[in-house]
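Protein chains in written order, with our numbering: chain B, 1 to 311; chain A, 312 to 1017. This report concerns only the one structure given below.
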Amino acid sequence: MKLSFIMLLLSGLVAGCSNLAYQDDSPEKSILSRGVANVREDIHKMSAAEKLDELVKHIEVTAYGLPQKGNPRFYIFEHFQRRVLEIVAEIKATGSAALSEVAFVPNDKNLITKFYHLYAASKIMDEAGIYVSASQKFGVLNEDSKEASDNLFNLARFMDFYYREISERYSLVVTPEVRVGAESSERVRHMRYLVARVENHMQPFVNRRYKGRVINGMIMQIRKLDPPPVRVRFEDFDKYKKGFERYVKELRKLRNSATWRKAHAYLKDLDLPHSGGIDGADDAFEMVMSTQLSMEILDFIVDKQLRNSKI
Amino acid sequence: MKFLAFSFFTLLAALIGEVWAASESSVVIGNIPARYLTRTQNKANTLYKLGYIEIQNRIITKIGSIGSKSTFDSLKSSYKKKGFKVYLARQGSTAYSATEYDFLYPGLIDLHNHTKQNVLGVWGLAKGQFENRFEWRKWSKYKYSVSGNMNPWIAYGKPIVCAAFRWSELQAMTHGTTYLQGPSSCIRDFSIHQVEDKGAYITKRAKIQGPTDLVLPSEMTFVWDELKPIIEKGKSYEYALAEVVNRHCDIEGISEATVNTKAGLKLLKNQKLLKAKCTKGTLHKKFVRYVYWIHGTIAGRKNYLAGANHAAIIAHLAEGRRFDKYNMVEFELVKLLGLDQPYVNFVHGVGIKTEDLPHMAKKGMGLIWSPYSNLLLYGQTLDVAAAIKAGVNLSIGTDWLPTGSRGMLDEIKIALDYVEKDPEKKNLKELFTFGSKYSSHYEGLYNLMTQNPAQMIHHYENTSGEAGVGRIHKGSMGTIIAIKKHVEDPYENIVKHGYEKDLNLVIVDGKGVYGDESYFNRVGVTEENYEKLPNYLKGFNELANSDSVPALDPVGATKASKYEHLIKMGKFASAHDVKQNNNCDVKNKVFLHQDTVSKDKDLLPFMEQTGLNLDRVNDIYRLMAVGMLTQSRNRNNKKKGKKDYRVLEFDSLFGCHTTGYQKRIFDFVNPDGGGEYDQNRAGRDELREKQNHGRTPAAMAKDYSL
């Protein structure tokens, strides 16, 4: 409760500052206007649908500026971009008249949870991003360019607008259970994306059939994970809670299994494979990063999920 | 015990199978260049003599000359009685003739190719404007042109990857290449050999290593900044690395003696250990990345070269223009790393300083020259004059089709045009006789396709347990080609007059795989045992603009869903109605049926489900055409691809079908001026400015404080 109040206060402060940003040459404006794809100054005047288009455009420009090979930052961003496109398509497919409302999150109960999914996808990306940034700081990964950092910063601010509006206006709809549920759902999607990446790039490193079987077994278990869909109705809560606990139990069991341990051991501290193709070392880094780093990020996300498993 | 015995015999059978899979007893009769004959065999000392090459168990077991009709007749008869396949390398007639037979040559060796991308056409945007290879690779238009067309279909499953590599092999084969360098898959017993495949030779040596990159610009700033000052004081690379690691890390066991050992590498490949223990002082920004990812690769190369049975390494180096600042650093880095050693060969090497070439020669290193690719991309190529004067061993490589030629017979003509044009007036024609060692520059250029590359890869000599390549010699590998005779000089014949239409026979390890239909009919091979070529199939290019084959969203797609999609593509390709349209001057060629699919756990089910047999040129063509024309990112992904860059025509196996290709390549370096090479040079600066190039080379130079 206290935390929510503090968040509201901070949000108000930031919202106030950001309003100032569009009124005059305040420092806030310069922060928001950094980066290749400037967030448009009249964004607050746009309809919800237009804001979504602006978001998609910003994400596109950010993705364009990221090196695509051998770059785990790009991997997690690519998945996020795809999720945003899927969710935006779902939102627009409803044809809701509320999308013309001048707001980030329009007042339509069929849409609010979808908007939270949008935010949740960015939150999970940021979660994975913590691991990437730590690896960059350590030096095993290349740092993001200034342009990429600026764009990611801008994006975080953009998503913050969605979060604040949901927190301010829709806290009775987007309850803590809904938040945990949406985030879990996005987390599982991200895990599936990461294991698909591992599956598509692990060949050079799997020199024994039994290793392949173990890794494929882990991949299969990840694909079977199925958190229950988010329910907003009060009467569905108990059923939802049971489903969620079941999902957490399966995940914990997998995390503590020999399969998990062995799969990670086989794909740890990998050597750069032979780089005979036209893109040479870029291809080699792509293979090793897609495999080893995807496994490391997967581990990180799973641990995060297991720490955020109460509803 | 029983299990051990079983395993032993299974292994033995497999080894024998591996070695003898392509073995046949053959004799090839044709005109043999004088250099491959003894004085006794060629008493008149003519440029060539009609002769025979006997091949058994993959090896040339006998070479002889044929001085009369009676010798010719008795030879043929006796070999046929012994069960040999007797290939008569002459079109139209099988009668004795001292002069009319094809010239026989050793199978050509192409030491540089990026095989997978040879499904693309020549890149129209390459106009000699780039400074180094990193510049065009970072250009968005390159990404659309290449990556945008190669993805995502290439990741749909093993069958299509196999098809792409086989297509590349077939292209090379139709140009007389029998040893092709480059990544590959499905290489065994299909058409020609891969240079890096140990099974391509009879040898005790380790596999040839062909990494594209030995020197990585970004990570090697660590070597330049931190290790160079120590190495320049007379220390080794290993000493310098150990000193720097110990300066920053509290890890026991790292010394000059251990950094390249298994134990040392294990320590340096331990991320947790490095994080916990490398906390002293300020680390170079690439320290961790170099130590963790790169050093192991360098150590691996050095350990390989230190082994008694190593073969060779082939890697890119200094590709771009001669005086690009970064390009000129790459060989310096090689020296710092201690990789300037015998049998280390560099592709392109354009930026290697002239004063370093004698060092290369002294060390027994080689250079692989790709003139067409260099001139198309950079407007400049290797200073071959300086390389020859310094004594560096030179060979030729085709690079890849997007900025290169389809095969050796085309590439050597670009080299010839360049030598004859001699744009820098360095007396190249004379230099290519290698100090009058050879009769003409033709012979010098011929060596770039045969003996020189064989020497570079440490597979030239015939010794105990070793059968060399690159020459027609008793004890060498029985891989031979036959090219129609146009002129009396055998070297001028292949270098200047030999085109894909003139390649009449390809024998790999004694087994005929490709050539003139009549040559195979004469040895009893009938129509049901080969595929007739060319077989340009009309009716695929229209798919580029139709919706007949749906796309697959690859992001998040599983391996299973991609394979499923590949099966659908394959079924479509198999059933698609097309017409043969052979409008080409390559006539009456055949490719013998191979049988790898029935033994392959991926290709056999693919055939069973789609009807496509990837041992057949026709079916490979079908699958590749559908993949290239309908499944690329450029075609299907509005966000990440660009429709303007999509492939609209999938080229036939032979260049004669591709409008513009032949005209472009054979007029590129016009000795009389006015060719595309000259035009590109004239317009280079303006094009660079218009396309806004320059940032990448400048940034790279800055990284090295140049």
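All C-beta atoms in this analysis are idealised placements derived from N, C-alpha and C, irrespective of residue type, glycine included.
Run of the alpha helix (DSSP H) containing residue i, from where it starts to where it stops
i                           : result
glutamine 305 (chain B)     : 294–307
phenylalanine 104 (chain B) : Counting along the chain, phenylalanine 104 (chain B) falls outside any alpha helix (DSSP H), and DSSP gives it neither H nor E.
tryptophan 260 (chain B)    : 258–266
asparagine 763 (chain A)    : 762–767
valine 61 (chain B)         : 48–64
lysine 636 (chain A)        : Here lysine 636 (chain A) belongs to no alpha helix (DSSP H), and DSSP marks it neither H nor E.
threonine 1007 (chain A)    : 1006–1014
Contact with chain B by residue i, beta-carbon distance below 7 Å
i                        : result
lysine 580 (chain A)     : yes
glutamine 973 (chain A)  : no
glycine 607 (chain A)    : yes
leucine 616 (chain A)    : no
threonine 869 (chain A)  : yes
histidine 486 (chain A)  : no
tyrosine 603 (chain A)   : yes
histidine 876 (chain A)  : no
arginine 600 (chain A)   : yes
proline 982 (chain A)    : no
threonine 523 (chain A)  : yes
isoleucine 931 (chain A) : no
Whole-angstrom C-beta distance between residue j and residue i, which should lie under 8 Å
i                        : j                        : result
isoleucine 503 (chain A) : methionine 531 (chain A) : With 8 Å as the limit, isoleucine 503 (chain A) and methionine 531 (chain A) do not qualify as a contact, their Cβ atoms being about 35 Å apart.
histidine 423 (chain A)  : serine 716 (chain A)     : Actually they are not in contact, since the Cβ atoms of histidine 423 (chain A) and serine 716 (chain A) sit about 12 Å apart, beyond 8 Å.
glycine 439 (chain A)    : leucine 687 (chain A)    : 7 Å
isoleucine 278 (chain B) : histidine 659 (chain A)  : That pair is no contact at about 13 Å.
glycine 521 (chain A)    : glycine 276 (chain B)    : 5 Å
isoleucine 364 (chain A) : isoleucine 791 (chain A) : 6 Å
Span of the beta strand (DSSP E), counted from its first residue to its last, around residue i
i                           : result
glycine 341 (chain A)       : 337–344
valine 397 (chain A)        : 396–399
leucine 361 (chain A)       : 359–367
valine 655 (chain A)        : 655–659
phenylalanine 902 (chain A) : 900–903
valine 570 (chain A)        : Element bounds for valine 570 (chain A): n/a, residue is neither H nor E.
glutamate 799 (chain A)     : That residue, glutamate 799 (chain A), is in no beta strand (DSSP E); it is neither H nor E in DSSP.
isoleucine 976 (chain A)    : Premise fails: isoleucine 976 (chain A) lies in the alpha helix (DSSP H), 972–977, not in any beta strand (DSSP E).
alanine 793 (chain A)       : 791–794
Proximity test, Cβ basis, 7 Å: residue i and chain A
i                           : result
asparagine 308 (chain B)    : no
methionine 191 (chain B)    : no
alanine 128 (chain B)       : no
aspartate 303 (chain B)     : no
phenylalanine 138 (chain B) : yes
isoleucine 311 (chain B)    : no
leucine 272 (chain B)       : yes
alanine 196 (chain B)       : yes
glycine 280 (chain B)       : yes
glutamate 186 (chain B)     : no
glutamate 335 (chain B)     : Nothing in the structure corresponds to residue 335 (chain B), since chain B is present only between 1 and 311.
inquiry  = When you compare the stretch 543–558 of chain A with the stretch 94–111 of chain B, are there three or more beta-carbon pairs, one atom per stretch, that lie closer than 8 Å?
reply    = no
**Asked** Okay, do the stretch 906–915 of chain A and the stretch 863–873 of chain A touch, 3+ Cβ pairs below 8 Å being the bar?
**Response** no
Runs of 3 residues minimum, wholly inside the stretch 418–446 of chain A: which ones carry the beta strand (DSSP E) assignment?
419–421
With contact counted as at least three CB pairs below 8 Å, one residue from each stretch, are the stretch 603–613 of chain A and the stretch 634–643 of chain A in contact? no
Entirely enclosed alpha helix (DSSP H) segments - the stretch 161–236 of chain B, minimum 4 residues: 176–201 and 209–224
Sequence ranges, beta strand (DSSP E) only - wholly within the stretch 75–136 of chain B, length at least 3:
none
### the stretch 922–937 of chain A / the stretch 470–482 of chain A touching (three or more Cβ pairs under 8 Å)
yes
For the pair the stretch 78–95 of chain B and the stretch 133–153 of chain B, tell me if three or more CB-CB distances fall below 8 Å. no
Contact between the stretch 918–928 of chain A and the stretch 805–824 of chain A (3+ Cβ pairs under 8 Å): no
*Any chance you could list the beta strand (DSSP E) runs of at least 3 consecutive residues sitting entirely within the stretch 671–702 of chain A, in chain order?*
677–680
- request: Take every Cβ of the stretch 441–449 of chain A, pair it with every Cβ of the stretch 998–1017 of chain A, and state whether three or more of those distances are shorter than 8 Å.
  value: yes
| message | Extract the residue ranges of the alpha helix (DSSP H) inside the stretch 884–965 of chain A, only unbroken runs of 4 or more that lie entirely within it. | response | 914–921, 928–941 and 944–947
Would the stretch 332–351 of chain A count as touching the stretch 249–264 of chain B if we require 3 or more Cβ pairs under 8 Å? no
*For the stretch 490–508 of chain A against the stretch 729–743 of chain A, are there 3 or more C-beta pairs whose distance is under 8 Å?*
no
- [ ] Spell out a yes or no on whether the stretch 53–66 of chain B and the stretch 120–134 of chain B are touching, meaning 3 or more CB-CB pairs, one atom from each, closer than 8 Å.
- [x] no
(request) Would you mind listing the alpha helix (DSSP H) stretches within the stretch 522–593 of chain A that are 4+ residues and don't spill past its ends, in chain order? (result) 539–542, 548–559, 573–579 and 582–588
Whole alpha helix (DSSP H) runs in the stretch 810–874 of chain A with 4 or more residues, listed along the chain? 828–833
> Considering only residues of the stretch 595–623 of chain A, which uninterrupted alpha helix (DSSP H) runs meet the minimum length of 4 residues and lie entirely inside it, listed in chain order?
Replying inline: 606–617
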